[in-house]
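First up is the structure itself, then whatever we jot down about it.
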Amino acid sequence: MDKVGIVGVGQTKYERRKVGETFFDMIYEVTVKALDDAGLTIDDIDNVVTVSNDFWDGRTISSMAVQDACGARHKDISTVEGDGVYGAFYGAMRVLSGSFGTTLVVAHNKCSQSRMNQITNAMFDPIYTRALGLDAVTSSAMQARAYMDAFGVTAGQLAKVSVKNHRNAKNNPLAQIALDLTVEDVLKSRMLADPLHLLDASPITDGAAAVIWANETAAGKAKKQPVWLKGVGHMSDAYHLGDRDLARSPALVGAAGKAYAMAGIADPLKQLDVAEVSDVFSYMELMWYEGLGFCPEGGGGGLIDSGATEMGGDLPVNPSGGCLSANPVLVAGLARLIECVLQVRGEADARQVQGCSTALAHGIDGPCGQSHCVMVIGK
Amino acid sequence: MTDWIEQTEDMVYKGRIKVPYTWWVGETGSHFFATLRDEKKLMGTFCAKCDMVFMPPRKNCGRCFNQQMSWKEVADEGTLLTYTVPAYEADIHPMKPPFAFGIIKLDGADTGLTHIVAGFGTGQLKTGLRVKAVFKEDREGHILDIRHFQPV
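Top line first, the protein sequences correspond to chains A and B.
The first sequence begins at 156 in the working numbering and counts up one residue at a time.
The second sequence begins at 846 in the working numbering and counts up one residue at a time.
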């Protein structure tokens, strides 16, 4: 594979409600940040990939409205409707195609501007499932139940993920919710849909993020040493919840397998220095440990208990605070990737994992982690 | 330029998208819903290659991509694979609490049907619970012709 690397990144602060800001304000902010970070100008950008969702934006073809804000007028602009990592994957592919030297990938969402449960209800089949009134919280709660019953994972182990990530968020000035919590605090928080409490769930968030990919030639113009793509994969499971074994994530195993094979990773716990995974709900982080091969199937609870994924552990997971601390849907995956870039560069300040040279970013799409995208980046 | 910006109020624009849809249910769906409405029977489709009965029914097998599917009736009773009791009320919910969402493996089917579970006592819901469909009196060919599933 030819080399393609990230030379610029930008994120907004993630907030419950970005008062007075439009999508365009946020997109412009992160585009400028990414360009400044890269030491490039908008004319150095050969094509743009946007990431957004029509329902959340309240506008169809939501990508076609953002040209002014991301310098895409008279450029090639295409869209990935899915988590930010998928958009980043597509942006990298466009450079690898040989047709473009650089790609700007920019994701946006303002979840505060509409109703989460109505929008997530709409992802279900209109004829067989939507009328039941299921949404992201209740469907995920069913997955959490299936996972806990299959492997004996406890509510306390789920809570540990929330404790860890909310505390890690204290080191991330961009995170929405940084908290000092105990397991008790999580278990006492308001029940949303059993077994998920309020503090087991990610918040409603507004935000945007951008990355700039460059091939070796274009990267020569950039200010900083690129962080190179080492491996990537994505895979989808079936659509109907009842077709899947919700306690397991074969699609993640498949996606990770492809990424690891490309990156030459045989022992992820040893060879990865940091991982940013999509913990949209606390139980998901434990399931993703298993799918990513950090522990055997059913071992997610044991891994969080061991402390291996804490800051200072063998493989810190979500030093940024993860999705539990800020979840602008579709942007969150790109934020995971950007956090990994900062880690590899040594620019992660208070959340820096020492000696980081190889990082893994993960995103999900569809109900209950129907599909997964895994990206390994490094020096 | 900055002075007037400081004095500008943040305004919002309210809107709502209400778009009607008419979705053809399709050949397979029509047979399923007509049988549910007229006979209170649940029909799945069987893929001989995979030896699997799909509920809800499919026109082609998503696993082996075969389109030689045949109809097979499944029972209106089965096992609860997983469930959750929502602790919040929402416009999109089909009924007032108490109720649960559940995935039910009907006897004879190899995939789970997502639906509503009701009529359960405190602490009664658990993975593996046997549940049975309760049909509406006036059925119209809709997934909620099954009012809900309840413990046997």
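No residue lacks a Cβ here, since even glycine has one placed at the ideal position from N, Cα and C.
Quiz item: Under 8 Å between C-beta atoms, does A/A348 make it to chain B?
Solution: Start at 1 with the first residue of the first sequence, and residue 348 of chain A comes out as number 193. It does: the Cβ of A/A348 has a partner Cβ on chain B nearer than 8 Å.
Quiz item: When the cut-off is 8 Å and only beta carbons count, does B/W849 lie next to chain A?
Solution: Working through the second sequence from its first residue, we reach residue 849 of chain B at position 4. It does not: the Cβ of B/W849 has no partner Cβ on chain A nearer than 8 Å.
Self-check item: Residue burial classification, B/H960 (beta-carbon count within 10 angstroms, cutoff 16)
Solution: Taking the second sequence and counting its residues from 1, the one referred to as residue 960 of chain B is at position 115. Counting C-beta atoms within 10 angstroms of its own C-beta, B/H960 has 16 or more neighbours from the protein chains shown and is therefore classed as buried.
Quiz item: Candidates A/A193, A/H517, A/V429: which alpha carbon is nearest A/A373's?
Solution: Taking the first residue of the first sequence as 1, we reach residue 373 of chain A at position 218. Checking every option, the nearest Cα to that of A/A373 belongs to A/A193.
Quiz item: Among A/G160, A/E170, A/G533, A/I493, which one has its Cα closest to the Cα of A/A364?
Solution: In the first sequence, counting from the first residue as 1, residue 364 of chain A sits at position 209. The candidate whose alpha carbon is nearest that of A/A364 is A/I493.
Quiz prompt | B/F899 versus A/N370 - alpha carbon distance | solution = Taking the first residue of the second sequence as 1, we reach residue 899 of chain B at position 54. Taking the first residue of the first sequence as 1, we reach residue 370 of chain A at position 215. Going by the C-alpha atoms only, they are around 47 Å apart.
Self-check item: Three-way DSSP call (helix, strand, coil) for A/N482 in this model
Solution: The sequence position of residue 482 of chain A within the first sequence is 327, counting from 1. Coil.
Quiz prompt | chain A within 8 Å of B/I991, Cβ atoms only | solution = One-based indexing of the second sequence puts residue 991 of chain B at position 146. With 8 Å as the cut-off, B/I991 does not count as an interface residue toward chain A.
Quiz item: When the cut-off is 8 Å and only beta carbons count, does B/P931 lie next to chain A?
Solution: Counted from its first residue, the second sequence places residue 931 of chain B at position 86. It does; some Cβ of chain A falls within 8 Å.
Practice problem: Mind checking the region 943 to 963 of chain B against chain A and listing, in chain order, the residues whose C-beta falls within less than 7 Å of any C-beta there? | Solution: F946, I948, T956, G957, L958, T959, H960, I961
Quiz prompt | With 16 other Cβ atoms within 10 Å as the buried cut-off, status of A/K173 | solution = Here residue 173 of chain A is taken as the residue at index 18 of the first sequence, counted from 1. Buried, by the Cβ-count rule.
Practice problem: Starting from A/I182, find everything on chain B with Cβ-Cβ shorter than 8 Å and list it in chain order. | Solution: Mapped onto the first sequence, residue 182 of chain A falls at position 27. Neighbourhood of A/I182 in chain B, by CB distance below 8 Å: empty, with the nearest CB roughly 18 Å away.
Quiz prompt | Residue from A/F178, A/E170, A/E184 whose Cα sits closest to the Cα of A/V164 | solution = One-based indexing of the first sequence puts residue 164 of chain A at position 9. Checked all of A/F178, A/E170, A/E184; the closest Cα to A/V164 is A/E184.
Quiz item: Can the beta-carbon of A/G456 be found less than 8 Å from the beta-carbon of A/A411?
Solution: Here residue 456 of chain A refers to the residue found at position 301 of the first sequence. Here residue 411 of chain A refers to the residue found at position 256 of the first sequence. Not closer than 8 Å, so no.
Quiz item: Are the region 186 to 206 of chain A and the region 249 to 267 of chain A touching, with three or more C-beta to C-beta distances below 8 Å?
Solution: yes
Exercise. Please determine, among B/G923, B/D848, B/V870, the residue with the shortest C-alpha to C-alpha distance to B/L974.
Key: Position 129 of the second sequence, counted from the first residue, corresponds to residue 974 of chain B. The shortest Cα separation from B/L974 among B/G923, B/D848, B/V870 belongs to B/G923.
Exercise. Could you tell me the boundaries of the beta strand (DSSP E) in which B/R992 lies?
Key: By one-based count along the second sequence, residue 992 of chain B stands at place 147. B/R992 -> beta strand (DSSP E) spans 991 to 996.
Self-check item: Per-residue burial, A/P281 [other beta carbons within 10 Å of its own, 16 or more giving buried]
Solution: The sequence position of residue 281 of chain A within the first sequence is 126, counting from 1. Counting Cβ neighbours within 10 Å, A/P281 comes out exposed, since fewer than 16 surround it.
Self-check item: Neighbourhood of A/A402 by C-beta distance below 6 Å, restricted to the same chain and skipping five residues each side
Solution: Here residue 402 of chain A is taken as the residue at index 247 of the first sequence, counted from 1. Within the same chain, A/A402 has close Cβ partners A301, Y302, A305.
Quiz item: For the alpha helix (DSSP H) that A/L511 lies in, which residues bound it at each end?
Solution: Start at 1 with the first residue of the first sequence, and residue 511 of chain A comes out as number 356. One detail in the question is off: residue 511 of chain A reads as Cys in this sequence, not Leu. Note, A/C511: premise wrong, no alpha helix (DSSP H); not H, not E.
Quiz item: What distance in whole Å lies between the Cβ atoms of B/F946 and B/P996, which are believed to be in contact at a cut-off of 8 Å?
Solution: Counted from its first residue, the second sequence places residue 996 of chain B at position 151. Counted from its first residue, the second sequence places residue 946 of chain B at position 101. Here B/P996 is actually not in contact with B/F946; their C-beta atoms are around 15 Å apart, not less than 8 Å.
Quiz prompt | Burial state of A/E431, where buried means 16 or more other Cβ atoms lie within 10 Å | solution = Mapped onto the first sequence, residue 431 of chain A falls at position 276. By the neighbour-count rule (16 or more Cβ atoms within 10 Å), A/E431 is buried.
Quiz prompt | Residue span of the beta strand (DSSP E) that contains A/G388, given as start and end | solution = In the first sequence, counting from the first residue as 1, residue 388 of chain A sits at position 233. First-last of the beta strand (DSSP E) with A/G388: 382 to 391.
Quiz item: Would you call the region 223 to 236 of chain A and the region 267 to 274 of chain A in contact, with 3 or more CB pairs under 8 Å?
Solution: no
Self-check item: Beta carbon proximity, A/H395 to chain B, threshold 8 Å
Solution: Here residue 395 of chain A corresponds to residue number 240 of the first sequence, with the count starting at 1. True, the Cβ-Cβ gap to chain B drops below 8 Å.
Self-check item: Beta bridge counterpart(s) of B/P931 as assigned by DSSP
Solution: Your numbering for residue 931 of chain B matches position 86 in the second sequence. Residue pairing from DSSP places B/P931 in a beta bridge opposite A/A348.
Practice problem: Give me the Cβ distance between A/M417 and A/G386, rounded to the nearest whole Å; I'm assuming they're in contact under 8 Å. | Solution: Taking the first residue of the first sequence as position 1, residue 417 of chain A is located at position 262. Taking the first residue of the first sequence as position 1, residue 386 of chain A is located at position 231. Right, the Cβ-Cβ distance comes to about 3 Å (below 8 Å), so this counts as a contact.
Practice problem: Give, in chain order, every unbroken run of the beta strand (DSSP E) that is at least 3 residues long and sits entirely within the region 958 to 983 of chain B. | Solution: 958 to 962, 975 to 980
Self-check item: Buried/exposed call for A/A421, threshold 16 Cβ in 10 Å
Solution: Translated into the one-based positions of the first sequence, residue 421 of chain A becomes position 266. Result: exposed.
Quiz item: Beta carbon of A/A224, beta carbon of A/I182: below 8 Å?
Solution: Numbered from its first residue, the first sequence carries residue 224 of chain A at position 69. Numbered from its first residue, the first sequence carries residue 182 of chain A at position 27. Going by C-beta atoms, A/A224 is nearer than 8 Å to A/I182.
Quiz item: What did DSSP end up calling B/W916 once you bin it into helix, strand or coil?
Solution: Counted from its first residue, the second sequence places residue 916 of chain B at position 71. Here B/W916 sits in strand by DSSP.
Practice problem: Could you tell me which of A/D428, A/V366, A/G524 sits nearest to A/K188, measuring between CA atoms? | Solution: As a working note, residue 188 of chain A is residue 33 in the first sequence. The residue with the shortest Cα to Cα distance from A/K188 is A/V366.
Quiz item: Are the C-beta of A/Y283 and some C-beta of chain B separated by less than 8 Å?
Solution: One-based indexing of the first sequence puts residue 283 of chain A at position 128. A/Y283 counts as touching chain B.
Quiz item: Can you tell which of A/D212, A/N320, A/A227, A/D180 has its C-alpha closest to the C-alpha of B/G860?
Solution: Position 15 of the second sequence holds residue 860 of chain B. The residue with the shortest Cα to Cα distance from B/G860 is A/D212.
Self-check item: Check whether A/P483 and A/V508 have beta carbons under 8 Å apart
Solution: Counting from 1 along the first sequence, the entry for residue 483 of chain A is found at position 328. Counting from 1 along the first sequence, the entry for residue 508 of chain A is found at position 353. No, the Cβ-Cβ distance between A/P483 and A/V508 is not below 8 Å.
Quiz item: Quick one: what's got a C-beta closer than 7 Å to A/D469's C-beta in the same chain, skipping five residues either side?
Solution: Position 314 of the first sequence, counted from the first residue, corresponds to residue 469 of chain A. Within the same chain, A/D469 has close Cβ partners L424, A463.
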